[in-house]
Amino acid sequence: MNNRGPLLIAFVCGMLMMAESFLDYSWLNSFAEWVQKYYIIIAAFAIVLGVASLFKLHLAKLKRKEDGWRYSLVVFFGFFAMIITGFFMNDDGLVGTKHPWNAWLYNNVQLPLGATMFSLLAFFIASAAYRAFRARSLEATLLLVAACLVMLGQVPILTGGIFDNLPEIKQWILDIPNMASKRAIMIGVGLGMMSTALKIIFGIEKTYLGGSEE
Amino acid sequence: MILNLIAPLGTTEGLGIWIAAFLTLCIFSFLYKDNPFYKFAEHLFVGVSSGYYISIYYWNTLKPNMIDELVKGFKALGQGNTQKAFGLDESGAVMAEPHLRMLIPLMLGIFILLIFISRKNAWLSRISFAWYIGVASGIAIPTAMSTRVLLQAQGSIRDFCSYNSDCATSAGLDPQVATTALWINAFLLLIGTLSALAYFFFSLPSKGALKVMNKVGIYFLMISFGASFGYTVMARISLLIGRLQFLFYEWLGITIS
């Protein structure tokens, strides 16, 4: 397909949404209001697209009986368990995520799995720290000292005696030098976002359309 | 230390605790090496999460904003009220409830799914993507300008104005009494922001004053990375403590007295 149509749509939508922030016309405001409603719905369809892609991958694994194809059955089992309890069960008007069985699955399967998966990172982050935290230069020393002070400042057991001021020191590091760098990074990210958005609106950046560039 | 009975398996709650404990141990088994128990838990997590988020999006987004509106619209159409069906009042003005106007996002959503449904018509998905990305870009420009650039720049220099009562009053800020420590902090904040910005400024060669600024910028960035790292470590540790507390207190029933 010729890319001109989609590029024109991106240009018109982008310009109108941008103009809405600066101009006060009732038609433009209602346009922006509808568009934002449509926007969240299309985002929901994009989630469906993601799940469809996951299904395609695991169905192909099952079809070809690839290594670990049995685990694909586990994916489908988990998915359909959530879908059946979330869509097809009704307990006195309690449906979806409010249904007791859906909530039970969430509390006893998804929540512990997610929390444990992220807590596992504590071990890997510790081994990464072992490699990163070597005071070989002034920069590396600053990194080490700041990380240690923030970590120690978070531990209540050390607040007493010589460590009395640790929480304050930690807060100062977070509020002043950390905030200064974060602000600079945020300003850079903001400028990058604006330039990318302008490139999309004016059709310079069109990789989101996929396929070969015309 | 008192070891109570392990959570009873006979109840729904007890069964849930046992399953959660088994899955927690499955994930922790990865610390030894990749193994079938970990793979089982990992795949189950992927399946359950995707099912859960589909459910969340359906009940919180699609149903109230689209499906319910379409049902109302088709009902009005069935009653012969075409104007109401399309979200227009008797005078032809646009109502807040869109009803059948929601066919537009439905159509755009179906276009996205055509990638998987029909290869021949998959090109239609470009219309939806162009619309979505165009809108997102249009929203991003003023938002990024305001929140990520102007507000951050303002925050870096506002303290200097707040400490001067005339400046604070004219700028609509609360005048603050500045101590030497506050002045030093305000100065460090400004220098840190400028020097860290200078570190990412590649349009001029790093010589003279710019080189000094770059060096100071690196120091500020290193402190920030260290602080973020320390903060992340502690967040992960607290999650780990939470999981261990679950295993010891809720599953094994150990209480320390």
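Chains D and V, in that order, are what the protein sequence lines are. The opening residue of the first sequence carries number 1 in my numbering; numbering runs sequentially from there. The opening residue of the second sequence carries number 1 in my numbering; numbering runs sequentially from there. Idealized CB from N, CA, C, for every residue including glycine.
Query                                                                                                                          : Result
C-beta atoms of Val74 of chain D and Leu44 of chain V nearer than 9 Å                                                          : yes
With 16 other Cβ atoms within 10 Å as the buried cut-off, status of Ala126 of chain D                                          : exposed
Leu9 of chain V at chain D interface by Cβ criterion, 9 Å                                                                      : no
Partners in chain V for Pro167 of chain D, counting only beta-carbon separations shorter than 7 Å                              : Within chain V, no residue comes near Pro167 of chain D; the closest Cβ sits about 12 Å away, beyond 7 Å.
Within chain D, partners of Gln152 of chain V - CB distance below 8 Å                                                          : Arg183, Met186, Ile187 and Gly190
Minimum Cβ-Cβ distance from Asn214 of chain V to chain D less than 9 Å                                                         : no
Proximal chain V residues relative to Ile76 of chain D, where beta-carbon distance stays under 8 Å                             : Before going on, a small fix: residue 76 of chain D reads as Phe here, not Ile. Gly47, listed in chain order.
Residues from the stretch 13-25 of chain D in contact with chain V, defined by Cβ distance under 9 Å                           : Cys13, Gly14, Met15, Leu16, Met17, Met18, Ala19, Glu20, Ser21 and Phe22
is_contact[Phe229 of chain V, chain D] using C-beta, thresh 9 Å                                                                : yes
Contacts that Gln171 of chain D makes with chain V (C-beta to C-beta distance below 8 Å)                                       : The contacting residues do not exist; Gln171 of chain D stays about 11 Å from chain V at best.
Min CB distance Val94 of chain V to chain D below 9 Å                                                                          : yes
Nonlocal neighbours in the same chain, by C-beta distance under 7 Å from Glu213 of chain D, ignoring five residues either side : Only weak support exists for where Glu213 of chain D lies, its pLDDT of 47 falling under 50; the coordinates are left without a value.
Any 3 or more C-beta pairs closer than 8 Å across the stretch 168-183 of chain D and the stretch 89-105 of chain V             : no
Chain C within 9 Å of Lys56 of chain D, Cβ atoms only                                                                          : In summary, chain C is missing from the structure at hand, where the protein chains are D and V.
Short Cβ contact (9 Å threshold) for Ile133 of chain V with Leu49 of chain D                                                   : no
Contact list for Arg158 of chain V against chain D, beta-carbon separation under 8 Å                                           : Under the 8 Å cutoff, chain D gives no residues; its nearest Cβ is about 12 Å from Arg158 of chain V.
Bridge-paired residues (DSSP) for Leu121 of chain D                                                                            : Beta-bridge pairing links Leu121 of chain D to no other residue.
Alpha-carbon spacing of Gln171 of chain D relative to Leu28 of chain D, whole angstroms                                        : 45 Å
CB-CB length for Phe22 of chain V against Ser29 of chain V, believed under 8 Å                                                 : That belief does not hold up - the Cβ atoms of Phe22 of chain V and Ser29 of chain V are roughly 11 Å apart, past 8 Å.
Which of helix, strand or coil DSSP assigns to Leu94 of chain D                                                                : strand
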